Ligand SMILES: *Cc1c(COP(=O)(O)O)cnc(C)c1O
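Numbering (our numbering), first residue to last: -1 to 228.
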């Protein structure tokens, strides 16, 4: 039996411990529960124990859960988002963490305009240039931000990344460090509506190193909920 409440407490304690060790304020690090395939009861348990951010990967799956969960929680889209789902996503989610192309940004902006809502986004960066992964290549990031900064109904408030999986966490660290470095480079440009305050990085396997390198949001699934449901 997976005890979700215990797992949540354990991960929260671990975040606090790592933060203290590297001289960071634990309050500056938020735990996002990556809840794909998990049911409403599991998510509600996590919220009861103190989780304030929930991440979902699929718009349809999220819609059903968001409708049923009434506790106040911030919903983050962390999966690849197709353009034709942009409007639904803009309506459902508080933050779209997976913005990685201009056509999608344009659709989100259009949706925001219609809904009378400024759409909060993070840009997902594919730092290792892995073909199998989504996210914009680092080389194209500044061009995208420049274009996106012209869209009035969209803000960019964070960066998100999923580094390659490595057993040895020291091989993952440089990716987190690079994302952190990009934050100051971007903010120095003072683009309209682009101000990076959040770094969403680190998952079950590597969140400790991500915190050491400046993560403000760690996205954890397995360590909270156990293995994903089929
Ligand atoms: C599933 C998922 C996570 C959580 O992964 P775990 O290894 O289970 O902690 C984090 N981020 C994204 C984008 C995911 O899809």
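Yeah, the Cβ is synthetic: ideal placement off N, Cα and C, and Gly gets one too. All values derive from a computational prediction rather than experimental measurement.
- Message: Ignoring anything shorter than 3 residues, give me the beta strand (DSSP E) runs that lie fully in the stretch 42 to 117, in order along the chain.
- Response: 51 to 54, 72 to 75 and 93 to 97
- For ligand 1, any of its heavy atoms closer than 6 angstroms to the Cβ of residue 71? no
- Message: Whether or not the stretch 97 to 106 and the stretch 181 to 193 are in contact is what I'm after, with contact meaning three or more pairs of Cβ atoms, one per stretch, closer than 8 angstroms; do they touch?
- Response: no
- Message: Is residue 32 near ligand 1 - that is, is its Cβ less than 6 angstroms away from at least one heavy atom of it?
- Response: yes
- Task: For residue 123, count neighbouring C-beta atoms within 10 Å of its own C-beta (all shown protein chains included) and say buried if the count is 16 or more, exposed if not.
- Result: buried
- Query: Is any heavy atom of ligand 1 found at a distance shorter than 6 angstroms from the C-beta of residue 219?
  - Reply: yes
- Task: Check whether the Cβ of residue 13 sits closer than 6 angstroms to any heavy atom of ligand 1, and report yes or no.
- Result: no
- Query: Does the pairing of the stretch 33 to 40 with the stretch 49 to 59 give three or more beta-carbon distances under 8 angstroms?
  - Reply: yes
- Task: If I'm right that residue 197 touches residue 9 with Cβ under 8 angstroms, what's the distance once you round it to whole angstroms?
- Result: Contact doesn't hold; Cβ gap of about 18 angstroms is too wide.
- May I ask you to report which of helix, strand or coil DSSP gives residue 23? coil
- Message: For residue 6 and residue 42, what's the separation of their Cα atoms in angstroms?
- Response: 12 angstroms
- Task: Pick out the complete alpha helix (DSSP H) segments inside the stretch 109 to 181, 4 residues or longer, and give them in chain order.
- Result: 136 to 146
- Give the C-beta separation of residue 90 and residue 60 to the nearest angstrom, bearing in mind that I take them to be a contact with Cβ-Cβ under 8 angstroms. 6 angstroms
- So, do the stretch 111 to 119 and the stretch 135 to 144 have three or more beta carbon pairs nearer to each other than 8 angstroms? no
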